[in-house]
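Trainee:
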Ligand SMILES: [Zn+2]
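In the numbering used here, the protein residues as written are 6 to 504.
1) For residue 467 and residue 254, what's the separation of their Cα atoms in angstroms?
2) Taking residue 115 as part of the alpha helix (DSSP H), name the residues at either end of that continuous run.
3) How many angstroms separate the CA atom of residue 228 from the CA atom of residue 391?
4) Over the uninterrupted alpha helix (DSSP H) stretch that includes residue 335, give me the two end residues.
5) Among residues of its own chain, excluding the 5 on either side of residue 68, which ones have a beta-carbon nearer than 6 Å to its beta-carbon?
6) Using CA atoms only, rank isn't needed, just tell me which of 419, 301 and 122 is closest to residue 102.
7) Measure the alpha-carbon distance for residue 201 versus residue 268 and round it to whole angstroms.
8) Measuring CB atoms only, is the stretch 275 to 295 touching the stretch 345 to 354, in the sense that at least three cross pairs come out at less than 8 Å?
9) Classify residue 369: buried if its beta carbon has 16 or more other beta carbons within 10 angstroms, exposed otherwise.
10) Using the three-state DSSP reduction, which class does residue 9 fall into: helix, strand or coil?
11) Please identify the residue among 106, 57, 64 and 97 whose C-alpha is closest to the C-alpha of residue 78.
12) According to DSSP, what are the bridge partners of residue 196?
13) Within 10 angstroms of its Cβ, does residue 498 collect 16 or more other Cβ (buried), or is it exposed?
14) Can you give me the C-alpha to C-alpha distance between residue 37 and residue 71, rounded to a whole angstrom?
15) Quick one: residues in its chain with C-beta nearer than 6 Å to the C-beta of residue 96, no 5 flanking neighbours on either side, listed in chain order?
16) Can you list every residue whose CB sits closer than 6 Å to some heavy atom of ligand 1, going in chain order?
17) Just how far apart, CA to CA, sit residue 413 and residue 443?
18) DSSP has residue 266 in a bridge; who is on the other side?
19) Give the C-beta separation of residue 309 and residue 218 to the nearest angstrom, bearing in mind that I take them to be a contact with Cβ-Cβ under 8 Å.
20) Suppose you measure from the CA of residue 230 to the CA of residue 389; what does that come to, to the nearest Å?
21) Is the beta carbon of residue 270 less than 9 Å from the beta carbon of residue 350?
22) From the DSSP output, which residues share a beta bridge with residue 313?
23) Consult DSSP for residue 527 and reduce its assignment to one of helix, strand or coil.
24) Cutting at 6 Å between CB atoms, please list the residues of its own chain near residue 244, excluding the five before and the five after it.
25) By alpha-carbon positions, which one of 138, 302 and 188 ends up nearest to residue 344?
26) Output yes or no for whether 9 Å exceeds the beta carbon distance between residue 178 and residue 311.
27) Identify whether residue 86 lies in helix, strand or coil by the three-state DSSP scheme.
28) My output table needs one value for residue 155: the three-state DSSP class, helix, strand or coil.
29) From what residue to what residue does the alpha helix (DSSP H) around residue 440 run?
30) Which residues does DSSP list as the beta-bridge partners of residue 279?
31) So residue 222 is in the alpha helix (DSSP H); what residue range does that whole segment cover?
32) Once you ignore the five residues that flank residue 502 on each side, which residues in its own chain have a CB closer than 6 Å to its CB?
33) Just to confirm my understanding: we take residue 206, look at its own chain, exclude 5 residues before and 5 after, and list those with CB closer than 7 Å. What are they?
34) Kindly indicate which three-state DSSP category residue 499 falls into: helix, strand or coil?
35) Tell me which same chain residues have a C-beta within less than 7 Å of the C-beta of residue 321, skipping the five on either side of it?
36) Could you tell me the alpha carbon to alpha carbon distance between residue 62 and residue 427, rounded to whole angstroms?
In structure tokens:
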């Protein structure tokens, strides 16, 4: 006999509409087959129609299918990027649009969508650059006049910002208004710096310069960041790679890139690529140029995922014609603010992120997010409810894997938050019962008896009489087999269960 868990998936309180599943940041996807491209092209055409009909949700789903089918097919990336941006998810949309125009710079509309996404994210210099590229490539396009006027107004805004000498920091631009950082519990961060000695252009002092960059950011962050350098990339938080292939990067202008994975407001993994050769003309990469690149990419890796609008800053998006050697006051203020104790993501954002992970089938991730939300907003009822559900969901997964101790702990954590949830109590009873049954099968009668007792107690507390009866029978049966007939009898009497 085996007890089966109930409440396979309890519904979470929806605070905000769910967002579609995030696009994987990983770059090494298999090349699609030609037939996939044909089907993806058909889906992209469908997207164009859906866009015209104002069916945004359907367009997003269709574009996602096209990208799943043919991730290297530029029009599919462009469609998904446009759909995401239209749905207000500019950050992810931007990534797909960058990928699209890199793979196929002749995609006119993608340049315009990309410029619009940058603008929405407050990345004005990048937006301007995208409009300029569009105008250079398609000067007589029907949208050229509009692009020209948008570019002119951006230029004006950028000049204004720069004329003011800049604000104290560029927090909004650097975080795309959705901060992500390494949590304090992750310190020291494990950093793996690859051996680049086989990469042309690599110099042995590069690794040391990367470490120095990380240290410079750490002292700017008031000691909130610390590192340990590890000898293997597996499991490292930050992995630094060297490459001499500009084509491997999403945007060549940066000479490097940092690909991040985040869960809610937490960074989970950063994969950094540093170019060992100069871009544009110069024959050798100078120390200064590499130092600047390394500081910039480490800034990304530590959570400054966007760029500064001020050309003086290390986190400005382009290195063109600049010679920066250390963090500016604004760079320092920005990282300080990101790691300040007062920074917390909005409640709505945390709830949306948690629900998103749950809908994507990532129960553990949603638990992480709701745990974090509870740290930030301990008194919020919806967070308490969502966290209790998340504990229960992950508990059920553990139960199905026969990891009873973990399941029991999780159900108890859920009940600590929401003691009245009888479904969770039922699951707890089932976990005790199954732990007992497996123990008995292994000949561990003591474990079996102890857990049967707990199961009976839990089922009785919630007045689940049917489960009480079944549990008491199993319990009494083992008591008799182990020579405790009297105890079995009084147990049956207490719970009014006949043999
Ligand atoms: Zn950058």
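Cβ atoms here follow ideal geometry from the backbone N, Cα and C, with glycine treated the same way. Just so we're clear, the structure is a prediction, and the values are computed from it rather than from any experiment.
Mentor: The structure says:
1) Straight-line Cα distance between these residues: approximately 58 Å.
2) 113 to 125
3) For residue 228 and residue 391, the distance between alpha carbons rounds to 33 Å.
4) Per DSSP, residue 335 belongs to the alpha helix (DSSP H) from 334 to 343.
5) Only 52, 84, 85 and 88 meet the Cβ criterion.
6) 122
7) 30 Å
8) no
9) exposed
10) Because the pLDDT at residue 9 is just 44, under 50, the model does not fix this residue reliably, and the value given afterwards should be weighed accordingly. It is coil, neither helix nor strand.
11) 106
12) Paired residue(s): 234 and 243.
13) exposed
14) Because the pLDDT of residue 37 is 42, which lies under 50, any placement of that residue in the model is unreliable, and the question is left without a value.
15) Result list for residue 96: 181, in chain order.
16) 259, 301, 305, 312 and 322
17) For residue 413 and residue 443, the distance between alpha carbons rounds to 15 Å.
18) 274
19) Between residue 218 and residue 309 the Cβ distance is about 12 Å, and since that is not below 8 Å, they are no contact.
20) 30 Å
21) Yes. Within cutoff.
22) 321
23) Only positions 6 to 504 of the chain appear in this structure, which leaves residue 527 out of reach.
24) Cβ neighbours of residue 244 beyond the five flanking positions: 197, 238 and 276.
25) 188
26) yes
27) helix
28) helix
29) Here the alpha helix (DSSP H) through residue 440 covers 427 to 446.
30) 247 and 261
31) Element bounds for residue 222: 211 to 225.
32) 474 and 477
33) 249, 281, 282 and 290
34) helix
35) Counting only Cβ-Cβ distances below 7 Å, and skipping sequence neighbours, we find 312, 313 and 315.
36) 37 Å
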